[in-house]
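Below you'll find the structure, written out as structure tokens, and then a few comments.
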Amino acid sequence: MAVSVDPIHQFELQPLVSLGHIGNQQIAFTQSALYMFAAVGVIALLTIAATSSRSVVPGRLQALAETLYEFIADTVHQATGADGKRFMPLVFSLFMFVLILNLFGMIPYAFAVTSHLIITFGLALIVILTVVIYGVAKHGSHFLGVFVPSGVPKPLLLIMVPIEIVSFLSRPVSLSVRLFANVLAGHIALKIFAFFVVQLLVAGAWGVLSPLPLALTVALTALEFLVAALQAYVFATLTAVYLADALHPGH
Amino acid sequence: MSGSPSGGGSGPGGPPDEGDLSARLRRLETQLEGKRPKAAPAGPARAGTPGGSAQLGQAMRLSTEFIAGVIAGGILGYLFDHLLGTKPWGMMVLLMLGFVTGIYNVMRVSGFSGQKAEKDRRDGS
Chain A
-7 MAVSVDPIHQ FELQPLVSLG HIGNQQIAFT QSALYMFAAV GVIALLTIAA
43 TSSRSVVPGR LQALAETLYE FIADTVHQAT GADGKRFMPL VFSLFMFVLI
93 LNLFGMIPYA FAVTSHLIIT FGLALIVILT VVIYGVAKHG SHFLGVFVPS
143 GVPKPLLLIM VPIEIVSFLS RPVSLSVRLF ANVLAGHIAL KIFAFFVVQL
193 LVAGAWGVLS PLPLALTVAL TALEFLVAAL QAYVFATLTA VYLADALHPG
243 H
Chain B
515 MSGSPSGGGS GPGGPPDEGD LSARLRRLET QLEGKRPKAA PAGPARAGTP
565 GGSAQLGQAM RLSTEFIAGV IAGGILGYLF DHLLGTKPWG MMVLLMLGFV
615 TGIYNVMRVS GFSGQKAEKD RRDGS
């Protein structure tokens, strides 16, 4: 495998199976789609196979699955209250999908699916459309109460309502950009610092400095694992917080 | 492989609906409450981790909330101008509004102005 200097190269989509063309655009089954299928497979394995024995004293995998489930159940319950339980499957699926894809991205030479804005924006759109459709279906026009902050004097509403509307529309943007930017920036930084090691080693006497970027790369790798888990957690928490708006629009 | 007979609990009935599930969960909770002498040592260790990660998560939010407000304002302004033909004005006004929204978002996340709103929401829910 040739070492490429370009830190962006790792994010290129490579079509594996071409499915035909629409106009000039090739429609293909890319490695991104392959990783997503693999993630779904791992999640299914973890949640279905690991808990199939249903033992009272859980084994390792079952304990892991139960810990993850309870963690998200707690988060959802705190944010949405008792009637938010119906959104538990959505939040748990999103959390697991993002978490597993982030962790896949940390495997050397693997492709980080969540470093593509369209993927994270698609996930954010699922959340926001669920909020809007469920909110309107359940509360009708009362759902517009989301845009009216409580305890604000009437004249100030003229300014606050447009701000709240833009704030609501900025939610999918912030949800998707946060995940995408963190993963993308982390992978680029890792690649650049790792390449510094190579560059210093071939630069003669400068080679004595090469342990410095090496140490930084190791530290950054640890940080990236933290970010991978934390971003999945933030995504799930914010999903639950936004879903709470759909359940109780007037705040 | 279905475990010990006492550990069943998977009802032979159809798919459980939500009310049924909540009732069963509550019953389980009360049953567990009696058999939980070791909750105290496990409590603090578990409470420490979510608190730290929640704060880190909030720090992560701060950085993007502001940018998201400006981007959302910019996109709205562009669409507004594109659809209504009010070339510079929609973008100017909505970009300013997006800027204000970004600052408002950051204040809300950091709890500057949102302390009260956040509590209101909790009470309302």
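Sequence order for the protein chains is A and B. According to our numbering, the residues represented by the first sequence are -7 to 243, in order. According to our numbering, the residues represented by the second sequence are 515 to 639, in order. Here a beta-carbon is modelled for each residue, glycine too, at the ideal position from N, C-alpha and C. As the structure is a computational prediction, the values presented were derived from the model and not from experiment.
Cβ atoms of residue j and residue i: under 8 Å apart, would you say?
i: A/S258; j: A/F103; result: With chain A represented from -7 up to 243, any question about residue 258 of chain A goes unanswered, as that position is not in the structure.
i: A/K183; j: A/P50; result: no
i: A/D75; j: A/L201; result: no
i: A/L206; j: A/V189; result: yes
i: A/T229; j: B/G612; result: no
i: B/Y618; j: A/I155; result: yes
i: A/G178; j: A/V219; result: yes
i: A/V90; j: A/V68; result: no
i: A/F29; j: A/L8; result: no
i: B/V620; j: B/L576; result: yes
i: A/V175; j: A/S107; result: yes
i: A/W198; j: A/L192; result: yes
i: A/A42; j: A/L53; result: yes
i: A/P71; j: A/A236; result: A small fix is needed here, since residue 71 of chain A is Ala in this sequence, not Pro. Yes, the Cβ-Cβ distance between A/A71 and A/A236 is below 8 Å.
i: B/G625; j: B/L608; result: no
i: A/A57; j: A/L38; result: yes
i: A/M98; j: A/F217; result: yes
i: A/P241; j: A/G143; result: no
Would you please state the rounded distance, in angstroms, between the beta carbons of residue i and residue j? I believe it to be under 8 Å.
i: B/T600; j: A/S162; result: About 22 Å separates the two Cβ atoms, so there is no contact after all.
i: A/L93; j: A/A31; result: 5 Å
i: A/G127; j: A/F139; result: That belief does not hold up - the Cβ atoms of A/G127 and A/F139 are roughly 11 Å apart, past 8 Å.
i: A/V119; j: A/Y234; result: 6 Å
i: A/F185; j: A/L215; result: That belief does not hold up - the Cβ atoms of A/F185 and A/L215 are roughly 11 Å apart, past 8 Å.
i: A/V105; j: B/T578; result: That belief does not hold up - the Cβ atoms of A/V105 and B/T578 are roughly 19 Å apart, past 8 Å.
i: B/M605; j: B/Y592; result: 6 Å
i: A/Q18; j: A/S10; result: 6 Å
Sort the options by Cα distance to residue i and report the nearest one.
i: A/I40; options: A/L11, A/S85, A/E4 and A/K77; result: A/S85
i: A/Y61; options: A/P81, A/S47 and A/R46; result: A/P81
i: A/L109; options: A/F172, A/L148, A/P164 and A/M98; result: A/F172
i: B/D531; options: A/I35, A/H131 and A/R78; result: A/R78
i: B/V584; options: A/V165, A/A197, A/L5 and A/M152; result: A/V165
i: A/M88; options: A/G12, A/G33 and A/I99; result: A/G33
i: B/I581; options: A/L167, A/F217, A/F227 and A/P241; result: A/L167
i: A/Q223; options: B/M574, B/E543, B/L598 and B/Q545; result: B/M574
i: A/T231; options: A/Q18, A/P100, A/M152 and A/F160; result: A/F160
i: A/P141; options: A/V153, A/I111, A/H1 and A/G12; result: A/V153
i: A/P100; options: A/A36, A/Q2 and A/P241; result: A/Q2
i: A/L117; options: A/T59, A/F227 and A/I35; result: A/F227
i: B/A568; options: A/D66, A/A36, A/I111 and A/S47; result: A/D66
i: A/L5; options: A/L208, A/I111 and A/T59; result: A/I111
i: B/L546; options: A/V48, A/G73 and A/P147; result: A/V48
i: A/A221; options: A/S44, A/A36, A/G12 and A/F63; result: A/F63
Taking only heavy atoms of the ligand SAM into account, decide whether any of them is closer than 7 Å to the Cβ of residue i.
i: A/A31; result: No copy of the ligand SAM appears in this structure; indeed no ligand is present at all.
Closer than 9 Å between beta carbons: that is the criterion. Which residues of the stretch 601 to 620 of chain B meet it against chain A? L608, L611, G612, V614, T615, G616, Y618 and N619
Give, in chain order, every residue of the stretch 213 to 227 of chain A whose Cβ lies closer than 9 Å to some Cβ of chain B. L218, V219, A221, L222, Q223, Y225 and V226
Where the stretch 168 to 191 of chain A meets chain B: residues whose CB sits under 8 Å from a CB there: V169, R170, A173 and N174
For a minimum of 3 consecutive residues, which ranges assigned as the beta strand (DSSP E) are wholly contained in the stretch 15 to 102 of chain A? 17 to 22
Against chain B: residues of the stretch 136 to 158 of chain A by CB proximity under 8 Å: Taking 8 Å as the Cβ-Cβ cut-off, the stretch 136 to 158 of chain A approaches chain B at P141, S142, G143, P154, I155 and V158, given in chain order.
May I ask you to list, following chain order, the residues of the stretch 77 to 88 of chain A that have a beta carbon less than 9 Å from some beta carbon of chain B? K77 and R78
Could you list the residues in the stretch 11 to 33 of chain A with a C-beta less than 8 Å from some C-beta on chain B, going in chain order? none
Could you please tell me which residues of the stretch 573 to 585 of chain B, in chain order, have their CB closer than 8 Å to any CB of chain A? Cβ contacts with chain A: M574, R575, S577, T578, E579, I581, A582, G583 and I585.
May I ask you to list, following chain order, the residues of the stretch 118 to 133 of chain A that have a beta carbon less than 7 Å from some beta carbon of chain B? none
Please specify which runs of the alpha helix (DSSP H), each continuous and at least 4 residues long, are wholly inside the stretch 102 to 189 of chain A, giving them in chain order. 109 to 131
Near-chain A residues of the stretch 588 to 602 of chain B (beta-carbon distance less than 7 Å), N- to C-terminal order: L590
Can you check the stretch 560 to 616 of chain B for any beta strand (DSSP E) of at least 3 residues that lies completely inside it and give the ranges in chain order? none
Mind checking the stretch 88 to 108 of chain A against chain B and listing, in chain order, the residues whose C-beta falls within less than 7 Å of any C-beta there? Along the stretch 88 to 108 of chain A, there is no position whose C-beta sits under 7 Å from a C-beta of chain B.
Taking a cut of 7 Å between CB atoms, which residues from the stretch 528 to 549 of chain B lie near chain A? Residues E532.
What are the residues of the stretch 197 to 209 of chain A that lie near chain B, defined by any Cβ-Cβ distance shorter than 7 Å? none
Give the residues from the stretch 33 to 59 of chain A that approach chain B closer than 8 Å (Cβ to any Cβ), ordered along the chain. The residues in question are S44, S45, R46, S47 and V48.
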